[in-house]
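Per our numbering, the sequence shown runs over residues 279 to 587.
The structure appears below as structure tokens.
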Amino acid sequence: MKIDIVLATDENFAKWCATTIISVLKNKSEDDEPVFHILGNDLSIKTKERLTSLGENINVIDVDKTDFLPYKEVAKFWTITTLFRIKSASILKNLDKAIYLDCDIIVKGSLADFYNTNIDDFLLAGREDFDSENSKKNLGMSKTATYINAGSILMNLKKWREENAEEKMFNYLKDNVDKLRFMDQDLINYVFQDQIKVVDKKFNYLVPNGFQTKEFKLKWQKDLQDAVVLHFVGWKPWEIYYENVFRDTFWTYWQMTPWHKENPDFYKNHIEKSRKFNSKPSLILNFIKRYPLFIFFKEKRALFATLFK
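Right, here's the structure in full:
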């Protein structure tokens, strides 16, 4: 079964985009035929060659940035590449629907069930975000509205065209860009709020990071058993201070990319730096720097105690 998948990347994120693609290919079912559509932001010829070498059905598309340039400075923290998805329907004119994946994702199972979700009456499907209440409040949305995490979504591109969704998103972006804490995620949720289907969190499991209590770790490790998509929100596995059971899983897939083959020392040096940073003394020092007043808060004291177990 053909499964259309959209990703967006610039030169800096291309190696992580490749890691996501490799994870999809290595964990697909026998009947899955993933087709990748990469929305590129000024990618070099060499990078395009690396990406297309990952598999047979990988298309790299140079996106015309003209419509996004007015937001370049505002979107500096996020980069305008993250906004490319809002033009998916007009760029990919022949597709009726597609899965969109961020490049900080590992897929550990078949995407077929997610792709086959019935969204005939919806513009998209996704899982509810963990901080949805604050995000809705910031955007002035109703408490009963749906607010999803946009890292892994199923897009009804046919309906986007029928309802001029792209035009609506650009109109809202133009008038409200200063309100958007999470750029395209806020934009999509506000414009589509009445036409979003909520799906199981296994299709976009938000992998926690940082300091967590033992009880919390046990809970999310149970949840992970059924997870299909692992989304590294917040800190990323390629940052030296990232410490999580799935860090090694991420790097396993990265080592299957051309970037590792061309520069194997990159991974070796990263792991060495990470080990030093995440040594017990460093963790204690970093915790105190991050939470200098932790002693006054029961929850933070409990987190601090986990460093000695």
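Note that beta-carbon positions come from the ideal geometry of N, C-alpha and C, so glycine has one too.
- DSSP places Leu389 outside both helix and strand once states are collapsed to three, so it counts as coil.
- Sequence-distant Cβ neighbours of Ile573 in its own chain, meaning closer than 7 Å and more than five residues away, are Arg579.
- Only residues of its own chain outside the window of five on either side were considered, and among them Ile384 have a CB closer than 7 Å to the CB of Thr527, listed in chain order.
- Residue ranges of uninterrupted alpha helix (DSSP H) with 4 or more members, entirely inside the stretch 365-442 and ordered along the chain, are 366-369, 390-393, 410-417, 435-440.
- For the pair of segments examined, the stretch 430-446 was found to touch the stretch 373-383: the number of CB pairs separated by less than 8 Å reaches three.
- When C-alpha distances from Arg363 are compared across Val477, Ser307, Leu432, the shortest belongs to Leu432.
- Note that the stretch 464-477 touches the stretch 388-407; at least 3 beta-carbon pairs, one per stretch, sit closer than 8 Å.
- When secondary structure is reduced to three states using DSSP, Ala296 falls in the helix class.
- Using a Cβ distance threshold of 8 Å, Arg405 and Val476 count as a contacting pair.
- Three or more Cβ pairs closer than 8 Å define a contact, and the stretch 381-396 falls short of that threshold against the stretch 321-338.
- A contact between stretches requires three or more CB pairs, one per stretch, nearer than 8 Å, and the stretch 332-349 fails this requirement with the stretch 414-433.
- Under DSSP, Asp340 forms a beta bridge with Gly318.
- By the neighbour-count criterion, in which 16 or more other beta carbons inside 10 Å mark a residue as buried, Ile466 falls on the buried side.
- Taking 8 Å as the cut-off, the beta carbon of Leu329 is found closer than this to the beta carbon of Ala296.
- Per DSSP, Lys326 is one residue of the alpha helix (DSSP H) stretching across 323-330.
- C-alpha of Phe291 to C-alpha of Lys452: approximately 26 Å in a straight line.
- By the C-beta density criterion, Ile566 is exposed, having fewer than 16 other C-beta atoms within 10 angstroms.
- Going by DSSP, Lys280 is part of the beta strand (DSSP E) stretching over 280-288.
- Asp462 and Leu361 have their C-alpha atoms spaced approximately 6 Å apart.
- Counting of Cβ neighbours within 10 angstroms places Phe460 among the buried residues, the total reaching 16 or more.
- Here Lys500 is exposed: its Cβ has fewer than 16 other Cβ atoms, across all protein chains shown, within 10 Å.
- The residues Pro312, Leu332, Gly333, in chain order, have a CB closer than 8 Å to that of Leu303 in the same chain once the five nearest residues on each side in sequence are set aside.
- By the CB criterion at 8 Å, Phe314 and Ile339 fall outside the cutoff.
- Excluding the 5 residues flanking it on each side, Glu440 has no same chain C-beta neighbour closer than 7 Å.
- In this chain, the alpha helix (DSSP H) harbouring Leu465 covers 462-470.
- Inclusion of Ala367 and Ala443 in the CB contact set at 8 Å is warranted, their separation being smaller than that value.
- The C-alpha of Pro515 lies about 8 Å from the C-alpha of Trp529.
- Secondary-structure assignment with DSSP links Lys475 through a beta bridge to Ala403.
- Sixteen is the threshold: since fewer than 16 other Cβ atoms of the shown chains lie within 10 Å of the Cβ of Asp309, the residue is exposed.
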